[in-house]
Amino acid sequence: MNNTTEATRFNTRQTPNWCPGCGNFGLQNALKKALLQLGLLPHQVCLSTGIGCSGKIAHWVQAYGLHGLHGRTLPVATGIKLANHELTVIAEGGDGDGLSEGMGHFIHACRRNLDLTYIIHNNGVFSLTTGQASSTGRQGRKTQTTPHGAIEPPFSPTALALASGATFVARGFSGDVAHLKDLYVQAIQHRGFSFVDVMQVCVTYNREKSYQWYQKRVHKLTAEGHDASDRNAAMALAMGGTDDRLTIGVFYQDDRRAYQEELPQLAAAPLVDQPIGCADITALMDRLT
Ligand code: SF4
């Protein structure tokens, strides 16, 4: 594994095969810059990704990675973190993966507050499977699965994360890599479950939301003097947005103790470093038989 200190530390030899202009390039770039800024090395980072165009990011960031089942990024990330809580664990997937298939896992991960960073590549469409409607797509939008227009309104992942107990909630835009990198740095440093909802451009299957469309509507939260410790204010922001005004920045952060800090089994050392060869389970087996 490449542990060099130069700026290419997290590059792979492979070239991504995302469509030219895809917003996933922005997310990949921001993540590598954030990991570099934090002084991390590839062997200290593990990605857990789901199925979809976004899930391929595990192949194109030089670190440990597991590209797993559809909607199951968070259970896998949870297992990795509990086995070795010294790793920086990052789960990534699309809105189809995490907010349709994996919705239940998302809610419980927020509530549990394990020290993970979860990044949603939110492009409002199932893109790898060629453009079906997702739960964050625009109401009325015509797709392969909604030929007369989507009947259901989209929901807000940031509002759901807040309601479910996430202790760091932010939103970014794939076309502003410098700002997104700053969000990632804060999310990874946060000790607890951090969620970053990234509005990601899909130039192939969601062309109505182009870079130009977003650039006219995105505005940064910091300019408004938002208090990120105020959960009610964060919820109002998350619920109150419209397609004409898209807020990016840190919505909410608190310092509730992380799940792994409450586990006495992890106090001495990560599970992966604990000796298991000498465990005597005879008494347990006797009780069960
Ligand atoms: Fe990116 Fe959309 Fe192409 Fe997938 S289909 S690689 S999300 S532009």
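Here the sequence shown is numbered in our numbering, starting from 14 and rising by one per residue. All residues carry an ideal CB built from backbone N, CA and C; glycine is no exception.
DSSP three-state assignment for H53, whether helix, strand or coil:
Here the sequence assigns Leu to residue 53, which means His is not the residue at that position. Here L53 sits in coil by DSSP.
Could you tell me the alpha carbon to alpha carbon distance between D110 and T295, rounded to whole angstroms?
Here the C-alpha atom of D110 lies approximately 43 Å from the C-alpha atom of T295.
Find out if the Cβ-Cβ distance for the pair E303, L60 is shorter than 8 Å.
Past the boundaries of the shown model lies residue 303; the chain is included only from 14 to 302, so the question cannot be answered.
Can you tell me where the alpha helix (DSSP H) with V214 in it begins and where it stops?
Counting along the chain, V214 falls outside any alpha helix (DSSP H), and DSSP gives it neither H nor E.
Considering K12, what are the terminal residues of the alpha helix (DSSP H) in which it resides?
Residue 12 lies beyond the stretch modelled for the chain, which goes from 14 to 302, so this question has no answer here.
Residues surrounding the ligand SF4 [beta-carbon distance to nearest heavy atom under 5 Å]
Selection output, chain order preserved: W31, C32, C35, C66, S140, C215, V216 and T217.
To the nearest angstrom, how far is it from the Cα of L51 to the Cα of P160?
46 Å
With contact counted as at least three CB pairs below 8 Å, one residue from each stretch, are the stretch 284–294 and the stretch 202–219 in contact?
no
Helix, strand or coil, according to DSSP, for T180 in the structure here?
In the three-state reduction of the DSSP assignment, T180 falls in the coil class, being assigned neither a helical nor a strand state.
Best match in L276, G254, H239 and P283 for proximity to Q266 [C-alpha to C-alpha]:
Of L276, G254, H239 and P283, the residue nearest in Cα terms is H239.
If you run the structure through DSSP and keep just helix, strand and coil, what is K233?
strand
Count the other C-beta atoms from every protein chain shown that fall within 10 angstroms of the C-beta of I164, then say buried if there are 16 or more, exposed otherwise.
exposed
Per DSSP, L60 is paired with what?
Paired residues: G78 and I103.
Since I133 and D210 should fall inside the 8 Å C-beta cutoff, what is the C-beta to C-beta distance between them, to a whole number of angstroms?
5 Å
Endpoints, the beta strand (DSSP E) within which I133 is located
T130 to N135
Could you name the residues of the same chain whose beta carbon sits closer than 6 Å to that of G81, not counting the 5 residues immediately before and after it, in chain order?
V89
Simplified DSSP state of R244, which is helix, strand or coil
helix
Should the stretch 139–150 be called in touch with the stretch 176–184, which here means at least 3 C-beta pairs below 8 Å?
Flag = no, the stretch 139–150 and the stretch 176–184 do not touch.
Quick check on this structure: which residue in R244, L49 and E221 has the alpha carbon closest to the alpha carbon of G144?
E221
Work out the CA separation of R270 and R300 for me, nearest whole Å.
35 Å
DSSP three-state call for L127: helix, strand or coil?
Assigned with DSSP and collapsed to three states, L127 falls in coil, not helix or strand.
Supposed close pair A170, N135 - CB separation, criterion 8 Å
For the sequence presented, residue 170 should be read as Pro rather than Ala. With a Cβ gap of about 7 Å, P170 and N135 count as contacting.
Roughly how many angstroms separate the alpha carbons of C66 and N245, rounded to a whole number?
34 Å
For I70, which three-state DSSP category applies?
DSSP places I70 in the helix class (H, G or I) of the three-state scheme.
Residues that R258 bridges to, as DSSP identifies them:
T255
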